[in-house]
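Chains as they are written, first to last, in the working numbering: chain W, 3 to 722; chain S, 797 to 904; chain Y, 74 to 211.
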């Protein structure tokens, strides 16, 4: 079966080669049958890679340890869901996932565009097949998922316990979908530049794909943050780690692009800027993929080996050099048709938003790649930490939130100063009231956080005002009741009001971020049963220990041999608030040198945190029990001496009993963070609003504006 | 197992070849015509103009909404609206000239 | 001011602002960065008061916990030099003897002290890799 997989890879490479040649030949000789054939090559590639992926999945599900990759990352005791997800936990499996997703999304995009923009599509096909061919080549020549060993080992190494969480199953496919979707606007931009057709049709087509990329990438990032916070033992959701940053950068440029595209649509301006943004997004996405696989930066996400570094650098070099060449050589076709009418216009606000977003991206880029830069400059790789990132991104984020509230208040093209002044009154008032209220309520003085809350209040008031006025207009026209008016308002102006909802979501998200980072209370403390400690306004008491021993053949569990934990009571001013049950799971290390019993618990220890989430605050807890006490060690040593491996689990029962009866003090980590839930809610609002904004309106709702029916006033040129 | 793998691979290759060569085979069966080339030449311009027209209509509606929600004064609105309608008329005129004479696609 | 001059003025203002930001960025990054050193390099070059990123492998048998403090030693991948240090803060789940770690340290007197919560453990090579996007403890 592995031969079938390898055959699929070779066939895929052939398809890519053919498709590239056919597409370019077809478009240059104007023979449509070849460009159609090239498009079908993309469909065929999707089909063949689906077969390859299915072969690999089946191997994992059937525990076929002849496959090296299955033997390395899965085992008989790994639960079925995680076995299926283990496909993408390794270098070669994740390359296959990437290539497969690329082929699927490319097929969809080219299918949707099959009758339009033919010339552009032909070149886009060639570019997309180029990417596909690159990843397939990597698999064939560097890291194949279909390498086998014969005879097949009896058991595999097992999936890293840190990955045995449901969110981890969906996070990589989502993120990879985001990355691969970024290459589609890139390919279409290359095609449009080559054919010199950066026009309205290209805008309409590219917007859809850019939005899909923005959505998937954004959701992927949010899921990663959520996973980190709710399932890992450090209690944070963002650490400015290199790979987190690598996924954020293309998302920022994609956001900028979605905004500046509207300016190009309306005024024919910023063509060079937009082309550059799209090309940058694609390049940043590939750089993000590269970062994880090359080990060039010290990061906690690290694939093994630097062997993939060189091909990726070559690809990125080609992409960047090619992009620069295309934009410079086509600058005549990218000349602006108009200029900015007035500084007081929504176009200006969008421009400012673009500048801030690109500024943010640059800061993050600099900080992320700084080790390489400093190594090139003075020989030592030095890295900057989160405080440096925070120093620059926080003010920029503040300005961004503020802008998202200013934009809705001014009109396109030019706004009237007098009406602008009127429109700003309520939102500015709301911001001032927010600041005063926070200070009066005794919120500790953290200027940046309070500034952010003020900006958020500004945004809420500004957008609330817009909705209120829009509903009023609707009711004047159609005399509907308020809820119906609201609905039809949004339905008829999806882009505008969907965009407003996105801005509200962003403001909510940042409120959550600001509150949870500036006003957090965290404690690390050792507690024995019966004792308690204060965290912020809460008192946490260690009620009693818990211990569970898992039978080895229990496949429904995540596979830990034993887990030790605690029951904690959280109370506030004497009233019980929540009961938390954090624990630590101990896994088999597979090293016989630790002894039959020592081996069972000597492997990785995984923290299972416990938290109580609420609208106002989260109480988060993690435990690190002490398993090295003399009493427990005696049991382990006795078991090592007297028990053969197959009977070793008996000792775990004794260990658990000893721990329950004479629990030693354990190390606890407690965090009380305000308003964290609003980060996730804000994110959901952002993506919901985005969907509303791009949802195509049903044709019945589109009101055709009759241009000629309007009586011409003096000054309108009369056309023959 | 081996024979099965070989068979599957052959089927896969055959399937791919059929899918990819379909347009080439279809073309070989037809009479070569120039009609396609003409259409494909005029098509991009028409499609681009239609997209511009839709965008312009949306701008006109947006300007009206801006005025009604109090962001534009009456004079500013009338100036912007007149300019937008001029631009829309220019696009509609270009569309008329770009179309093949037989089809009538103007909306009114 | 005629429109063309206004536009040039705006452009100059924007570019100047960008230049100022970039300069601030670049300047502070060099001073705020901590160089990455291996244990042998650290023993030779470390100056008191400066922070460094120490990368290496946790030495077997050196891990000891006392109170809330974790004591361990970090060695070069080739095992020649050995840097013992004390660390307080979050200990990542994968932390284990023989695993690769990155920890920010300062030299205080003759000892090395790890900065709070700065310990990072790389995914063990036995499992080959962590997938893109996988987060581990800080």
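Even for Gly, the Cβ is constructed at its ideal location relative to N, Cα and C.
What you are looking at is a predicted structure, and each value in this text was computed from that prediction instead of being measured.
Residue environment analysis places residue 413 of chain W among the buried positions, since at least 16 neighbouring C-beta atoms fall within 10 angstroms of its C-beta. DSSP, read as helix, strand or coil, puts residue 351 of chain W in helix.
No Cβ of chain W is located within less than 8 Å of the beta carbon of residue 890 of chain S. Contacts with chain W at 8 Å (Cβ-Cβ) do not include residue 807 of chain S. One Cα belongs to residue 253 of chain W, the other to residue 216 of chain W, and the distance between them is close to 6 Å. Residue environment analysis places residue 581 of chain W among the exposed positions, since fewer than 16 neighbouring C-beta atoms fall within 10 angstroms of its C-beta.
Three or more Cβ pairs drawn from the segment 127-141 of chain W and the segment 12-27 of chain W lie within less than 8 Å of each other, which places the two stretches in contact. For residue 550 of chain W, the enclosing beta strand (DSSP E) begins and ends at 540-551. Neighbours of residue 121 of chain Y across chain W, judged by C-beta separation under 7 Å, do not exist; the nearest C-beta is about 18 Å away. Between residue 130 of chain W and the set W:26, W:218, W:90 and W:660, the nearest pair of CA atoms involves W:26.
Near chain Y, meaning a CB-to-CB distance below 9 Å, the residues of the segment 605-635 of chain W are 605, 606, 607, 608, 609, 624, 626, 628 and 630. Around residue 10 of chain W, the beta-carbon contacts reaching into chain S at under 9 Å are 805 and 808.
Secondary structure remark: continuous alpha helix (DSSP H) runs of at least 4 residues inside the segment 471-537 of chain W, in chain order: 484-494 and 496-520. With its beta carbon less than 8 Å from one in chain W, residue 866 of chain S belongs to the interface. With a beta-carbon spacing of about 14 Å, residue 218 of chain W and residue 260 of chain W fall beyond the 8 Å limit used to define contacts. Among the residues of chain S, those whose CB is under 7 Å from the CB of residue 415 of chain W are 876, following chain order.
Taking the Cβ atoms as the reference, residue 294 of chain W lies roughly 5 Å from residue 245 of chain W, within the contact range of under 8 Å.
Under the three-state reduction of DSSP output, residue 871 of chain S falls in the helix class. The Cβ atoms of residue 894 of chain S and residue 860 of chain S lie no closer than 8 Å to each other. Closer than 8 Å at the C-beta level to chain Y, one finds these residues of the segment 376-404 of chain W: 376, 382, 383, 384, 385, 386, 387, 389, 390, 393 and 394. Taken through DSSP and simplified to helix, strand or coil, residue 622 of chain W comes out as strand. Chain W has a Cβ within less than 8 Å of the Cβ of residue 843 of chain S. Shown here, residue 168 of chain Y sits in coil according to DSSP, grouped into three states, outside any helix or strand. Listed along chain W, no residue sits closer than 7 Å to residue 799 of chain S by beta-carbon distance, the nearest being about 11 Å off.
Listed along chain Y are 138, 141 and 164, each with a C-beta nearer than 9 Å to that of residue 669 of chain W.
Residue burial annotation: residue 468 of chain W is buried, with at least 16 other C-beta atoms found within 10 angstroms of its C-beta.
The contact set of residue 563 of chain W on chain S, defined by CB atoms closer than 8 Å, is empty, because the minimum CB distance reaches about 36 Å. In the structure shown, residue 310 of chain W falls within a coil segment according to DSSP collapsed to helix, strand and coil. Within the same chain, Cβ atoms closer than 7 Å to the Cβ of residue 122 of chain W are found at 190, 193, 194, 197, 199 and 204, the five residues on either side in sequence being excluded.
Of all residues in the segment 102-120 of chain Y, only 102, 103, 105, 106, 107, 108, 109 and 110 come within less than 8 Å of chain W when Cβ atoms are compared, listed by chain position. Around the CB of residue 248 of chain W, 16 or more other CB atoms lie within 10 Å, so the residue is classed as buried. DSSP lists W:543 and W:581 as the beta-bridge partner residues of residue 571 of chain W. Counting only Cβ-Cβ distances below 7 Å, residue 94 of chain Y has contacts in chain W at 361, in chain order. Those residues of the segment 449-476 of chain W placed with their C-beta closer than 7 Å to a C-beta in chain S are 468, 471, 472 and 475, ordered along the chain.
Distance check between residue 56 of chain W and each of W:589, W:364 and W:8 places W:8 closest, using alpha-carbon atoms only.
Residue environment: residue 125 of chain Y is assigned as buried (16 or more neighbouring CB atoms within 10 Å of its CB, all protein chains considered).
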